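Chemist:
Residue numbers (the numbering used here): 15 to 335.
See below:
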């Protein structure tokens, strides 16, 4: 499909190759909350049927180290989560507090419950246990070299070499076991200790790959996540940016700063971002601003035109820094 454009097309009819997308930002209709597009289903069950179709398609196109963000109404997103949990590994259930939203102005004495000033966003990885395949490739390489040098693998000997506990901890746990958790990259010091141990009493050389080569491979293949200190927690506090969102004739325009932050945190330059429900075009425009490729979809022609116009303005005037 053509990159860096919003297509007048149902997301389910896309021709994106399997496992080729690094980030999906899905802001689907919430079901009978706001906007005409929220009121097109006969029942909530019909809506959830479509949620599952969208989830299956997201699963098909999302890369193994990709990330999915899924927006939803605080009272209804739990139903979507039950469906999404079948296909992805839940990383975070994020609360987005828009501190200057119009609903914040409701007088507390007029409210009959806690005033809703937030939305929810589910963050998913493409693996139930969020395993980093690269680490397991490195694990297999180290196993192969230990076996080649020693003829067998003994965790106690490995831990003695590394100065770690003798219960399979340290690098043995991180790179030589099959625990179902995301293992961390072991240190250069550990790698050099292993290399010295294997090469100490033999004429052949083992672990000949440089540590930085392995680390680069690890960083290139793992799921990107680089949050800034201010937004490391699962409550994200952003302005509605009414001076910007008010420009666009759409009922649910997302703030630019929030969207840019999600893109910066979970992608690298030139990664592909897919926006199944592009609406006013915020996610596509911010992808362009951050030098990411994108593909957007919307079934309403007026929103497609609005979004593409917004994107074109950015693409025709790229930022210098």
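C-beta: ideal position from N, C-alpha, C; glycine also.
Because the structure is a prediction, the values reported are computed rather than measured.
Output the boundary residues of the alpha helix (DSSP H) element that contains residue 321.
Modeler: Here the alpha helix (DSSP H) through residue 321 covers 315 to 329.
Chemist: According to DSSP, simplified to helix, strand and coil, what is residue 255?
Modeler: DSSP places residue 255 in coil when its eight states are reduced to three.
Chemist: Between the C-alpha atoms of residue 314 and residue 222, what's the straight-line distance to the nearest angstrom?
Modeler: Residue 314 and residue 222: Cα-Cα distance of roughly 57 Å.
Chemist: Let me make sure I understand the geometry here. Which of 91, 81, 78 and 220 has the alpha-carbon closest to that of residue 135?
Modeler: The residue with the shortest Cα to Cα distance from residue 135 is 91.
Chemist: By DSSP, does residue 210 sit in helix, in strand, or in coil?
Modeler: In this structure, residue 210 counts as helix in the three-state DSSP scheme.
Chemist: Rounded to whole angstroms, what is the Cα-Cα separation between residue 169 and residue 176?
Modeler: Cα to Cα, the separation comes out at about 10 Å.
Chemist: Specify the secondary structure class of residue 68 as computed by DSSP and reduced to three states.
Modeler: It is helical.
Chemist: When you compare each of 28, 301, 60 and 159 to residue 285 by their alpha carbons, which one comes out closest?
Modeler: Of the listed residues, the one whose Cα sits closest to residue 285 is 301.
Chemist: Suppose you measure from the CA of residue 291 to the CA of residue 164; what does that come to, to the nearest Å?
Modeler: Rounded to the nearest angstrom, the two C-alpha atoms are 56 Å apart.
Chemist: Smallest Cα separation from residue 273: which of 17, 39 and 24?
Modeler: Checked all of 17, 39 and 24; the closest Cα to residue 273 is 39.
Chemist: For residue 286, name the three-state secondary structure that DSSP assigns.
Modeler: Correct three-state label for residue 286: strand.
Chemist: If I'm right that residue 20 touches residue 295 with Cβ under 8 Å, what's the distance once you round it to whole angstroms?
Modeler: Residue 20 to residue 295, Cβ: 6 Å. Contact.
Chemist: Can you tell me whether residue 9 is helix, strand or coil according to DSSP?
Modeler: As shown, the chain starts at 15 and ends at 335. That puts residue 9 outside it, with no answer to give.
Chemist: Just the C-alpha distance for residue 24 and residue 86, rounded to the nearest angstrom, thanks.
Modeler: Taking the straight line joining both Cα atoms gives about 19 Å.
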